[in-house]
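A.B. asks:
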Amino acid sequence: MNKTFPDGFLWGGALAANQVEGAYLTDGKGLSTSDVMPDGVFGQVRERTPGDFSIKDVAIDFYHRYPEDIALFAEMGFSCLRVSIAWTRIFPQGDEQEPNEAGLAWYDRLFDELARHNIQPLVTLSHYEMPWALVENYGGWGNRKVIAFFERYARTVFNRYRDKVKLWLTFNEINMSLHAPMTGVGLPEGSSRTAVYQAIHHQLVASGLAVKACHELIPDARIGNMLLGGLTYPLSSKPEDVFATLQDNRSWQFFGDVQCRGAYPGYMQRYFREHDISLQILPEDLATLRHTVDFISFSYYMTGCVTADPALVEKLRGNILDMVPNPHLASSEWGWQIDPLGLRTLLNTLWDRYQKPLFIVENGLGANDQPDADGQIHDDYRISYLNDHLVQVREAIDDGVELMGYTSWGPIDLISASKAEVSKRYGFIYVDLNQDGSGTLNRSRKDSFWWYQQVIKTHGGTL
Ligand code: BGP
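Numbered according to this note's numbering, the sequence shown spans residues 665 to 1127.
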């Protein structure tokens, strides 16, 4: 008999405000870092002039079409939807005393619609964006004052949605700040290591304050962190490669260690010492960091390899984030290496390290789907990617890993984060949209829609 997933396991999908909502200046919303980076996370900051178009300005118009989209998610049987709140809808400039009521009201409507379909929201406070005015006027997370602005924002939304939202996340892929500082902490590319780690420290303190506030204001809620699960393997069995891999994994585990264990680990203190990084860490910061998360959430798309030989790194690197490709794995159209078993390894690694419940809040395949003559998308490649990963998830649960749920990335096509592309589609639902903004925005079901519906209905029995 096929194994099934536990009762109460949350099934669904994951979205981010700036990749789906559009309506980028509607109802009083302010400009965010994402709005001034129209070419995505790895793009440049550009001044926005009237009439200058960016695909994210409209995105898939979730702001107006959410009832239709949520009905489709309900048809697939979702019990959970991960969304993010755009900070700039609530505090358009970031430093106001009072929130923007129109922005708050929109998320009320969104959460009410989810409740009507018995879909539980899982809400990210900050998904790759912050008010642009906080970058211009304060220097982003480099400035300690931003911590208080974020805390005000977090307390505002906890108070407002305390009866509607019981699952929260602080910062999306907080470890990405090391690779894309403007997206993560609002600092320009090329900022010094010290400046980036100081900004990251402020963000970690803000995350601790959000955990504290959430526990105070909504005692029956749970709040987690969110990591880019950047698992890497040694390229060879040379002890030097194995040790380099341990260090490489620590570059993302460091964030989890602070957020789950409540203090800076010794290996990081050594790293700071040896790289002349001296941070301003106040005694009250250390107390705040002890407010640790209730669960750990993460994204998982690929793995990579590590070698201690710099010449080999230079020769082989190619994967995103400069990882060395694994010779044993195939890649997606975007060069992301596909590794279902790696997900089981990662789940076990995180569980062994922290012994806190886990939540997979992103996983999926970006592909350039092409409709057939009848306009249908036969995305068997996506089905097989997701199927293979979910089989390994089920194995990990059998290994004893405590897993709260699984929300696939982009259950409906959306704008990709790294390069703001429309053609990199993740959805079970196709959206008729082109890069220049043309298209009807009509939604239609892909083959994977029916596949996921069956997976959820049978608690994974059909995998
Ligand atoms: C994660 C981000 C998401 C998402 C996903 C896929 O890093 O949290 O926002 O977009 O990656 O990346 P992309 O959209 O670049 O394919």
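Beta carbons are placed, not taken as given, at the ideal position from N, Cα and C, and that holds for glycine.
Looking at the unbroken alpha helix (DSSP H) that takes in residue 749, where does it start and where does it end?
C.D. replies: DSSP places residue 749 outside any alpha helix (DSSP H), giving it a letter other than H or E.
A.B. asks: Looking at the ligand BGP, does it come within less than 8 Å of residue 797, judged from the CB to the closest heavy atom?
C.D. replies: Every heavy atom of the ligand BGP is 8 Å or more from the Cβ of residue 797, so no.
A.B. asks: In this structure, how does DSSP classify residue 731 when only helix, strand and coil are distinguished?
C.D. replies: helix
A.B. asks: So who's on the other strand from residue 849, going by DSSP bridges?
C.D. replies: Answer by DSSP bridge pairing: none, since residue 849 is not bridged.
A.B. asks: From which residue to which residue does the alpha helix (DSSP H) around residue 917 run?
C.D. replies: 903-925
A.B. asks: The ligand BGP and residue 1026: does the residue's C-beta get closer than 8 Å to at least one heavy atom of that ligand?
C.D. replies: With a cutoff of 8 Å, residue 1026 counts as near the ligand BGP, since its C-beta is closer than that to a heavy atom of the ligand.
A.B. asks: Report buried or exposed for residue 675, applying the criterion of at least 16 other Cβ atoms within 10 angstroms of its Cβ.
C.D. replies: The residue is buried, with at least 16 neighbouring Cβ atoms inside 10 Å.
A.B. asks: Taking 8 Å as the cut-off, does the CB of residue 743 come closer than this to any heavy atom belonging to the ligand BGP?
C.D. replies: no
A.B. asks: Just checking residue 791 against the ligand BGP - is the residue's beta carbon closer than 8 Å to any of the ligand's heavy atoms?
C.D. replies: yes
A.B. asks: Please list the terminal residues of the continuous alpha helix (DSSP H) segment that includes residue 796.
C.D. replies: 796-802
A.B. asks: Anyone know if the C-beta pair for residue 956 and residue 924 falls short of 9 Å?
C.D. replies: yes
A.B. asks: Just verifying my parser: in three-state terms, what is the DSSP assignment at residue 898?
C.D. replies: strand
A.B. asks: Mark residue 1112 as exposed unless 16 or more other C-beta atoms lie within 10 angstroms of its C-beta, in which case mark it buried.
C.D. replies: So residue 1112 counts as buried.
A.B. asks: Whose C-beta lies closer than 8 Å to the C-beta of residue 896 among residues of the same chain, with five residues either side of it excluded?
C.D. replies: 909, 912, 913, 967, 968, 969, 970 and 987
A.B. asks: In the DSSP output, what is residue 786 paired with across the bridge?
C.D. replies: 746 and 831
A.B. asks: State the start and end residues of the unbroken beta strand (DSSP E) segment that holds residue 1068.
C.D. replies: Start and end: 1067-1073.
A.B. asks: Is it right to say residue 672 is buried, meaning 16 or more other beta carbons lie within 10 angstroms of its own, or is it exposed?
C.D. replies: exposed
A.B. asks: Under 7 Å Cβ to Cβ from residue 710, same chain only, skipping five residues before and after it: list those, please.
C.D. replies: Beyond the five residues adjoining it in sequence on each side, residue 710 comes within less than 7 Å, by CB distance, of 700 and 702 in the same chain, given in chain order.
A.B. asks: Smallest Cα separation from residue 1100: which of 717, 693 and 698?
C.D. replies: 717
A.B. asks: Can residue 1002 and residue 677 be called in contact, C-beta distance under 9 Å?
C.D. replies: The answer is no: Cβ separation not under 9 Å.
A.B. asks: Taking the C-alpha atoms as reference points, what is the distance between residue 1079 and residue 729?
C.D. replies: Put simply, the backbone Cα of residue 1079 is about 15 Å away from that of residue 729.
A.B. asks: From residue 1123 to residue 898, what distance separates their C-alpha atoms?
C.D. replies: Approximately 35 Å between the Cα atoms of the pair.
A.B. asks: I'd like the ranges of any beta strand (DSSP E) spanning at least 3 consecutive residues and lying wholly in the region 988-1075.
C.D. replies: 1022-1026 and 1067-1073
A.B. asks: Is residue 966 near the ligand BGP, with its Cβ less than 8 Å from a heavy atom?
C.D. replies: Because no heavy atom of the ligand BGP lies under 8 Å away, the Cβ of residue 966 does not count as near it: no.
A.B. asks: Could you check whether residue 1083 and residue 787 sit closer than 9 Å to each other, using their CB atoms as the reference points?
C.D. replies: In this structure, residue 1083 does not lie closer than 9 Å to residue 787 by Cβ.
A.B. asks: Could you compute how far the alpha carbon of residue 665 sits from the alpha carbon of residue 1024?
C.D. replies: Confidence is the limiting factor: at residue 665 the pLDDT is only 49, short of 50, which leaves the residue's position unreliable, though a coordinate-based value still follows. Residue 665 and residue 1024: Cα-Cα distance of roughly 25 Å.
A.B. asks: Give the DSSP-derived three-state secondary structure of residue 932 in the structure shown.
C.D. replies: It is helical.
A.B. asks: Rounded to the nearest angstrom, what separates residue 723 and residue 775 at their Cα positions?
C.D. replies: 20 Å
A.B. asks: For residue 790, does the count of other Cβ atoms within 10 angstroms reach 16, so buried, or fall short, so exposed?
C.D. replies: buried
A.B. asks: With DSSP collapsed to three states, give me the class of residue 774.
C.D. replies: helix
A.B. asks: Kindly indicate which residue of 1011, 901, 849 and 792 has the alpha-carbon position closest to the one of residue 964.
C.D. replies: 1011
A.B. asks: Please name the residue in 829, 861, 824 and 1006 whose C-alpha comes closest to that of residue 838.
C.D. replies: 861
A.B. asks: I think residue 1028 touches residue 1090, with their Cβ atoms under 8 Å apart; what is that distance to the nearest whole Å?
C.D. replies: Taking a contact as a CB-CB distance under 8 Å, the pair residue 1028 and residue 1090 counts as one, their CB atoms being some 4 Å apart.
A.B. asks: Going by beta carbon distance, what residues of the same chain come within less than 7 Å of residue 792, once the five residues before and after it are set aside?
C.D. replies: 680, 682, 698, 705, 836, 847 and 1081
A.B. asks: Cα separation between residue 781 and residue 735?
C.D. replies: 7 Å
A.B. asks: Enumerate in chain order the residues of its own chain whose CB-to-CB distance from residue 1067 is below 6 Å, with the five nearest sequence positions on each side excluded.
C.D. replies: Excluding its 5 nearest sequence neighbours in each direction, residue 1067 has C-beta neighbours in its own chain below 6 Å: 1022 and 1061, listed in chain order.
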